[in-house]
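Residue numbers (the working numbering): 499 to 851. Using N, Cα and C, we set each Cβ at its ideal position, and we do this for glycine too. Bear in mind that the values here come from a model prediction, so they are computed numbers and not experimental data.
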Amino acid sequence: MNLALLVCAALAAEAHATETHATDASRLRIAELAATGPLASATLDFGGAGRATLLLDLAAGESRTLNVPLPTREGFDALVPSVSDPRLRFVGWRPDAERERAFAALPLALRTRSAPPPPARSLAPSLAALTLVVAGVLFVSRVRANRARALLVGALTAVAVLSLELAFDAPPRTRIVLDFELGADGSVGDGVRWVSARDRLDLGVEPPLALAVEPAQTALDVRIDARGAGPARTTVLGTGALLGRADAAREAPPDRAGNRWGDLAAVWTRDEAGTWTEHGTWPFASPLPAALAGDRRPPGWINPALPQGRKLLIGLASEPEPGAASPGARPPGVPSLGVPSPGPEVWIRVTGP
């Protein structure tokens, strides 16, 4: 009996770990900071919500005002953060009425829908790690007569390989989901563009309408690079967390009469009765292909808690070019040691009419 209870508890914990967090409130808010030089970096501590590190290149006598996204956590916010350097001043939280209105204008179903889980991180070893393994094996084979030396070389090789993999691991893969709601007459309504990654997400220079985090109470590490004359770039880190940014989707969804979006590698439709149909590939500027034989369905993560009794169309974009830039990818100049940066996986989800 106790064993059964333990198994059930483990399964429940695993299921909860794979859930994603609905985004009706963002973990980031815009704040105004005032910096006076000389100042190269400073840290803002938001308690349980996390911390933010600001990189600057202000010389003596220079000053700069920035509006940047900083971590918050409902019910646990440090409303006035502690700042590591008196030359950086937290002016206060700024109301972002335009961004808040844009998010509030989205249909409730899109605002509260879960962020998509990102693809699993690639476990392929790097070229440098493989080279070290081969070199270690060859060396051990030459000194196998001396067991102590062979064990020492083997242990050092393992440590070196692990260090390389930790320092130069493949960037976290990202998944993009374009989520659309069609009007009753089939007209294109509002849409949300989700970009999800695990552990690290590059926000670039434009803050999202909302940032979802799962587990919801994860302390965030926000890094803001404001060096140079251009706008500040923001990266969000949350160890072991799923990070998803939500923005308004500017792309037009594919129409069943003609695919105006782009080449799709796989397409499924669902009718009002809940029956799924697979259509295979869908080239650009062509009508929806005929149904294929079989009952293969889209992956379960893309259609949780979707409305019943409505039509659905789900598509997977053709695989991007290897090495394509993706949000959250390694910054320029950092070597990959033979590990290509996979492009983002792009899905389309259309609900209605």
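Should residue i be flagged as near chain B, meaning a C-beta pair shorter than 8 Å?
{"i": "P605", "result": "Looking at the structure shown, chain B is missing, and only one protein chain is on hand."}
Note down the Cα distance separating residue i from residue j, rounded to an integer number of angstroms.
{"i": "G742", "j": "L699", "result": "8 Å"}
{"i": "A739", "j": "V690", "result": "21 Å"}
{"i": "P706", "j": "G726", "result": "22 Å"}
{"i": "A550", "j": "P787", "result": "49 Å"}
{"i": "A789", "j": "E776", "result": "6 Å"}
{"i": "P605", "j": "L556", "result": "43 Å"}
{"i": "E712", "j": "S694", "result": "11 Å"}
{"i": "T737", "j": "D697", "result": "5 Å"}
{"i": "D745", "j": "R597", "result": "10 Å"}
{"i": "L445", "j": "L542", "result": "There is no way to answer for residue 445, as the model of the chain reaches only from 499 to 851."}
{"i": "S856", "j": "A708", "result": "One cannot answer for residue 856 here, as it falls past the ends of the chain, which runs 499 to 851."}
{"i": "S582", "j": "D594", "result": "26 Å"}
{"i": "A602", "j": "L804", "result": "20 Å"}
{"i": "I812", "j": "A750", "result": "14 Å"}
{"i": "L735", "j": "G546", "result": "14 Å"}
{"i": "R571", "j": "T849", "result": "31 Å"}
{"i": "D688", "j": "P584", "result": "44 Å"}
{"i": "L526", "j": "R562", "result": "21 Å"}
{"i": "A558", "j": "F544", "result": "28 Å"}
{"i": "T779", "j": "V675", "result": "18 Å"}
{"i": "A764", "j": "S816", "result": "8 Å"}
Can you tell me whether residue i is buried or exposed? The criterion is at least 16 other CB atoms within 10 Å of its CB, across all chains shown.
{"i": "R592", "result": "exposed"}
{"i": "E560", "result": "exposed"}
{"i": "R794", "result": "exposed"}
{"i": "E710", "result": "Note that residue 710 is Ala in the sequence shown, not Glu. By the 10 Å Cβ count, A710 comes out buried."}
{"i": "E770", "result": "exposed"}
{"i": "D677", "result": "buried"}
{"i": "G792", "result": "exposed"}
{"i": "R671", "result": "buried"}
{"i": "L537", "result": "buried"}
{"i": "R847", "result": "buried"}
{"i": "L577", "result": "exposed"}
{"i": "T521", "result": "Summary for T521: the model assigns pLDDT 49, below 50, so the residue's position carries little reliability; its value from the coordinates is reported in the next sentence. Buried, by the Cβ-count rule."}
{"i": "R599", "result": "exposed"}
On a CA-only basis, which of the options is nearest residue i? Give me that one, please.
{"i": "D586", "options": "T733, S539, P605, A602", "result": "Per the sequence shown, the amino acid found at residue 586 is Leu instead of Asp. Closest option to L586, Cα to Cα, is S539."}
{"i": "W845", "options": "G760, W774, S784, G792", "result": "G760"}
{"i": "V703", "options": "A730, R725, T716, R696", "result": "A730"}
{"i": "A747", "options": "A791, V686, S524", "result": "V686"}
{"i": "T534", "options": "G548, G792, L564", "result": "L564"}
{"i": "L810", "options": "P785, E679, G756, W799", "result": "E679"}
{"i": "L814", "options": "P781, G792, L537, A724", "result": "P781"}
{"i": "I528", "options": "D683, G590, R673", "result": "G590"}
{"i": "I800", "options": "L577, S524, P567, R768", "result": "R768"}
{"i": "L531", "options": "P579, T849, G546", "result": "P579"}
{"i": "P796", "options": "G778, S816, W766", "result": "W766"}
{"i": "P615", "options": "G798, P584, E749", "result": "G798"}
Please work out which residues of its chain come closer than 8 Å, Cβ to Cβ, to residue i, disregarding the five sequence neighbours upstream and downstream, and give them in chain order.
{"i": "Q806", "result": "G772"}
{"i": "P785", "result": "R754, A755, G756, N757"}
{"i": "A783", "result": "G756, N757, R758"}
{"i": "W774", "result": "W766, T767, R768, D793, R795, P796"}
In chain order, what residues of the same chain have a beta carbon less than 7 Å from the beta carbon of residue i, not counting five sequence neighbours either side?
{"i": "G548", "result": "P569, A717, L718, D719, V720"}
{"i": "G728", "result": "none"}
{"i": "F588", "result": "A529, L531, L542, V578, P579, V581"}
{"i": "R808", "result": "E770, T849, G850"}
Here's a check: name, in chain order, each residue in its chain whose Cβ is nearer than 6 Å to the Cβ of residue i, leaving out the five neighbours to either side.
{"i": "D723", "result": "L553, R731"}
{"i": "T733", "result": "D700, R721"}
{"i": "P752", "result": "W759"}
{"i": "V566", "result": "I722, A730"}
Is any heavy atom of the ligand FMN found at a distance shorter than 7 Å from the C-beta of residue i?
{"i": "V581", "result": "For the structure depicted, the ligand FMN is absent and the ligand set is empty, with no information on it obtainable."}
May I have a chain-ordered list of the alpha helix (DSSP H) segments no shorter than 4 residues that lie completely inside the segment 744-785? Listed in chain order, there is nothing to give.
Entirely enclosed beta strand (DSSP E) segments - the segment 691-743, minimum 3 residues: For the beta strand (DSSP E) assignment, the uninterrupted runs of no fewer than 3 residues enclosed by the segment 691-743 are, from N- to C-terminal side, 708-712, 718-723.
Uninterrupted alpha helix (DSSP H) stretches inside the segment 567-610 (no shorter than 4 residues): 595-602, 606-609
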